[in-house]
Amino acid sequence: MALSFHVRSNSFPSRQHPQAAHVDEQLNRLRSSETASSSSICQRLSNLQDLHESLDKMLRLSISQQTLSQEQIEMILDGSIKILDLCNISKDGLSQMKESLKEIESILRRKRGDLSAEIKKYLASRKFLNKSFQKVLKNLKSGQNKNKASLAVFGEAQDVTVALFESMFTFMSGPKACGKWSLVSKMMSQNKAACEAEENEFTRVDLELQSEKSMKIEDVQNLDSCIQDLEDGIESLSKSLIKYRVSVLNI
Numbered sequence: 001m002a003l004s005f006h007v008r009s010n011s012f013p014s015r016q017h018p019q020a021a022h023v024d025e026q027l028n029r030l031r032s033s034e035t036a037s038s039s040s041i042c043q044r045l046s047n048l049q050d051l052h053e054s055l056d057k058m059l060r061l062s063i064s065q066q067t068l069s070q071e072q073i074e075m076i077l078d079g080s081i082k083i084l085d086l087c088n089i090s091k092d093g094l095s096q097m098k099e100s101l102k103e104i105e106s107i108l109r110r111k112r113g114d115l116s117a118e119i120k121k122y123l124a125s126r127k128f129l130n131k132s133f134q135k136v137l138k139n140l141k142s143g144q145n146k147n148k149a150s151l152a153v154f155g156e157a158q159d160v161t162v163a164l165f166e167s168m169f170t171f172m173s174g175p176k177a178c179g180k181w182s183l184v185s186k187m188m189s190q191n192k193a194a195c196e197a198e199e200n201e202f203t204r205v206d207l208e209l210q211s212e213k214s215m216k217i218e219d220v221q222n223l224d225s226c227i228q229d230l231e232d233g234i235e236s237l238s239k240s241l242i243k244y245r246v247s248v249l250n251i
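Heads up: the sequence shown at position 251 corresponds to 251 in UniProt numbering, and the numbers run straight through without jumps.
Rendered as C-alpha cells:
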C-alpha cells in the first residue's frame with residue numbers, strides 16, 4: 001500500500017527522496033511482522049525506535065519544516081505524548097511485575113515465605129497495568145482516525161506504534177479463555193488445554209499460579225528475563241520518541 005505521506009501532499013519530500021523511501025520501507029516491515037513472541041515483539045520495538053529516528057531526520061529537512069502547519073505540529077505532539085504515556089505505563093507496570101517475580105523466585109528458592117501474598121501482588125500489578133493501558137489506548141484512538149489523513153506518514157507511524165503495543169498486551173494477557181487478568185476461580189479443563197496450546201512466558205507462569213505447588217523456578221526466571229527485554233526495548237523507544245518530540249517542538 002502506497003503511503004499517504006507520498007500521495008496526499010506534494011509539500012512533503014517526494015517518494016524519490018532517500019529519507020522518505022527509508023521510512024516507507026520501515027513502515028512496511030513493521031506492518032508485515034505480526035508474529036507474537038517475546039523475541040519478535042522486542043525486534044519490533046527496536047524497529048519502531050529506528051522508525052522514529054528516521055522520522056526525526058525527516059523533520060529536520062527544511063521542506064518538511066516549511067510545510068507542516070501549526071495544526072499538524074500540535075497533532076503530532078499530542079499523539080507522541082500519548083504514546084509516551086503508553087511507554088511509561090508499560091515500564092512502571094513491568095517493573096512492578098518484575099519486583100513481585102523476584103520475591104516469588106526468592107520464596108521458591110528458600111522454600112519459605114508467604115508465596116500467596118506475593119502471587120496476589122503480581123496479579124494486582126498485571127491488572128493495574130491492563131486497566132491503565134486500556135484507558136490511555138482509548139484516549140489515543142479517539143482522535144487517531146480523525147487525524148490520520150492530515151498527518152500523512154506521521155499518522156501511519158502512530159498506527160503501527162499503537163498496533164505494536166496492542167500486540168504486546170495481547171501477548172502478555174493470552175487468549176480470553178485463560179482469564180489472564182483475574183485468576184480467581186479454577187479454570188475448566190478445556191480452557192486450560194486452550195491456554196497450554198498458546199503458551200508463552202506469561203501464560204506458562206499464569207497456568208502454574210493455579211496451584212502454588214506446580215510453580216517452577218525456571219519458568220519464573222524465564223518470565224523475569226522476558227520482562228527485562230521488554231523493559232529495555234520500551235526504554236529505548238521512549239528515548240527516540242523524546243528526541244522526535246524535541247524536533248517537532250523546534251519547528
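Built from N, CA and C at the ideal position, the CB exists for glycine as well.
No experiment lies behind these values; they were computed from the predicted model shown.
Could you check how far apart the C-beta atoms of residue i and residue j are, in whole angstroms? I think they sit under 8 Å.
| i | j | result |
| --- | --- | --- |
| Ser38 | Asn139 | About 27 Å separates the two Cβ atoms, so there is no contact after all. |
| Ile89 | Leu129 | 7 Å |
| Ile41 | Leu230 | 7 Å |
| Asn47 | Gln19 | With a Cβ gap of about 17 Å, Asn47 and Gln19 do not count as contacting. |
| Leu84 | Leu51 | Not quite, the Cβ-Cβ distance comes to about 15 Å (not below 8 Å), so this is no contact. |
| Phe154 | Ile76 | 5 Å |
| Lys121 | Ser95 | That pair is no contact at about 13 Å. |
| Ile251 | Leu59 | 7 Å |
Count the other CB atoms, across all protein chains shown, that sit within 10 Å of the CB of residue i; report buried if there are 16 or more and exposed otherwise.
| i | result |
| --- | --- |
| Cys178 | Per-residue confidence for Cys178 stands at a pLDDT of 49, beneath the threshold of 50, marking its modelled position as unreliable; the derived number appears in the next sentence. With 16 or more Cβ atoms within 10 Å of its Cβ, Cys178 is classed as buried. |
| Val7 | Bear in mind that the predicted position of Val7 carries a pLDDT of just 35, short of 50, making it unreliable; the figure below should be weighed with that in mind. Its Cβ having fewer than 16 others within 10 Å, Val7 is exposed. |
| Lys82 | buried |
| Ala117 | exposed |
| Val246 | exposed |
| Ile217 | exposed |
| Ser185 | Caution applies to Ser185, whose pLDDT of 40 falls short of 50 and renders its modelled position unreliable; the value that the coordinates give is listed next. Exposed: under 16 other Cβ atoms inside 10 Å. |
| Ser238 | buried |
| Lys98 | buried |
| Gln49 | buried |
| Arg44 | buried |
| Ile242 | exposed |
| Asp114 | exposed |
| Gly158 | First, the amino acid is wrong: residue 158 is Gln here, not Gly. By the 10 Å Cβ count, Gln158 comes out buried. |
| Arg126 | buried |
| Ser214 | exposed |
Just to confirm the assignment, what range does the alpha helix (DSSP H) spanning residue i have?
| i | result |
| --- | --- |
| Glu74 | 70-110 |
| Ala157 | 153-173 |
| Lys57 | 38-59 |
| Lys239 | 217-250 |
| Glu25 | 18-32 |
| Asp206 | 201-208 |
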